[in-house]
Each structure stands twice: as C-alpha cells, then as structure tokens.
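Data block below; observations after.
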Amino acid sequence: MTSPIPLGAITIHRVVEQQGAYFDAASFFPSLTPDMLAEHRSWLEPTFLDPATGKVILCVQSYVVRTPHHTILIDSCVGNHKPRPNYDFWDNLASDTYERNLAATGLGVGDIDYVMCTHLHTDHVGWNTRLENGRWVPTFPNAKYVFADRELASWTARQAEDPDSCPWIADSVLPIVAANRAEPVRSDHRFDDLVGLVPTPGHTIDHFSVHVGKPGLDAFITGDMVHSPLQARFPEIGMRSDYDSALAGRTRRSIFGRFCDTSTLICTAHFPSPSIGRVRRWDDGFKIAMD
Ligand SMILES: [Zn+2]
C-alpha cells in the first residue's frame, strides 16, 4: 500500500497495478547504444534496470487526485480479462491487485468523477471498462472520461482501419464513447483553478500531462511523457512506441526545464516505486530526485 500525498487543498494517491522487469532495454529505447547502456548501468541497476535480465523495470499505476471539487483518476492501467497477445505480462490479467489498491485509498469506483487518459495506449486505458455478462461496461459508473480530442480521433481512425493493431481501443475506449461517457477536450484544457491539462506531445499524437494544485503546492502527472530516468538524463532518447521521438524529446527538455529546481512534484507513470520526485539538473540533462 502507498501513502497518500497531501498537497494543500488536494491529496494524491497512487494505485499500483503491477511492477516488474518487462521490456528489454535495447529494444525499449531504440537509440540507446550498447556503449551508452554499459556506461550508465551502474546507476540504473538494480532499481531501474534488472541486472539479471537487462530489462527495464516499470511500474503500472493510476494516480487519484482528490480536490475539494472532484475526485479524478489519471490513467487506468491494463485491466482484467483483456486479450493482449503481444504482451504476455498484460495478456488476460485476472488479478484483484488494482481493485484492492484502489479500495485501500478509501475510495470506491463510484467515487471517481473523472477518468483522464493521458493517451490511448493499452496500459493507460484498461480499467476504463470491465467485463459484465460478456459486455464491456464503464468500470467507474459515475465518471466522465476525458480524452484529448485529436488523440481520440487518431486512434478511432486507426482502429477502423486496422483493428488488430490496437485491440484496446475496441474493448477499453469505444465502449466509453458508445455509453456517452467520453468527454473529448483540447489537450490544454483547464478544468478549474486546481486542475489543468498540459500538452506533452510526441509519445503519442496528442498526449497530455495533468498539472494539479496551486503554485508552491503543485504536482505534474506526466503520463508517458517520460518512461525512465534515462530519458531525464538524456531527454532526446526515444521510446520504441513513440509517435514522434524527436518531438517527445523536445517536450521532455521543455517540461523538465520548466520545473527544474522548483518544488513541483513530478508524478511519473512508469518509474518504479516511489515513482515521484522533483526535477534537478544533471549535467546537460535532468534527474528526478526522489529524496
Ligand atoms: Zn505507458
């Protein structure tokens, strides 16, 4: 169980679904050369890189943000009973971990007012829906689901063209649209004085991050703007499923520069627990300091 993080008027909870060594580092970061990996192994291992397998260690989690006005769940992980033949560690999960960890925050599925998906990849939309009598229904019965409008349009078009390339759209996104629960917004949409979206494009076409709180007592929930501390130290290192790696690199450099040496908490989706830190400079790049 993780501890809630109080931040002025808001509270942030992590809801973890999984953590493990899932992807081979060289294929996960296509531009990472063997020399570069060898040079940086010493600080990546054992927390961020598994010494035994050479695989990148990732956490899969949601962030729940409670404000005086709303309870918001950001990114909904992989989900249960979903065929993901390309990823054996995500294929047809049947685990109660996620639901138990959500319950441990003191919240139930009915308490979530908004689900925000930073982007529409398989590990960020899964719990949008659950299987009920053979049908995919919204997991969070009272929630509106916030998607970036161009992100939704792009994946909907791809699903129509080549459904096998993105099965998660059919079981975890389209049923939300069909149930009239989707709220497409621009990726710079401001909800209120405590919650706003920030466009962080590159990993996907219209990826957003979520900035919450007030100046001095704020947090930036990155989504997949960054996957590993290696991409903080070297913002230009792309990740294999990027839509536009060069753009993703510019986004990282700009966002990390913006928050460098401030008190803003950076809440990453995929860094291993505790996953959260503050941006500090490191040579010509950055680190997320977790102390
Ligand atoms: Zn992801």
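If you read the sequence shown in our numbering, its first letter stands for residue 45, the second for the next number, and so on. Ideal Cβ placement from N, Cα and C applies to all residues, glycine included.
In this structure, how does DSSP classify residue 83 when only helix, strand and coil are distinguished? helix
At which residues does the beta strand (DSSP E) containing residue 267 begin and terminate? 261-267
Please report the distance separating the alpha-carbon of residue 196 from that of residue 80. 36 Å
According to DSSP, which residues form a beta bridge with residue 330? 325
According to DSSP, is residue 212 helix, strand or coil? helix
Any contact of the stretch 114-132 with the stretch 157-167, i.e. 3+ C-beta pairs under 8 Å? yes
If we call anything under 8 Å between Cβ atoms a contact, is residue 242 one with residue 253? yes
Determine the direct distance from the alpha carbon of residue 299 to that of residue 174, and round the result to whole angstroms. 34 Å
Taking 7 Å as the cut-off, is the CB of residue 168 close to at least one heavy atom of ligand 1? yes
Neighbour-count burial assignment, residue 159, 16 or more Cβ in a 10 Å radius: buried
Starting from residue 193, trace the alpha helix (DSSP H) in both directions and tell me its first and last residue. 193-205
Looking at the strands, I want to know which residues DSSP matches up with residue 188. 158
Is the closest heavy atom of ligand 1 to the C-beta of residue 165 under 7 Å? yes
Range of the contiguous beta strand (DSSP E) that encloses residue 310: 309-312
Under 8 Å between the Cβ atoms of residue 229 and residue 192? yes
Excluding the five sequence neighbours on either side, which residues of its own chain have a C-beta within less than 8 Å of the C-beta of residue 70, listed in chain order? 76, 78, 81, 98
Considering only DSSP beta bridges, list what residue 179 is partnered with. 176
Quick check for students: name the residue ranges of the beta strand (DSSP E) that lie wholly in the stretch 92-134, counting only runs of 3 or more. 99-110, 115-118
So, are the CB atoms of residue 212 and residue 277 less than 8 Å apart? no
Using the beta-carbon count (16 or more within 10 Å), is residue 125 buried or exposed? exposed
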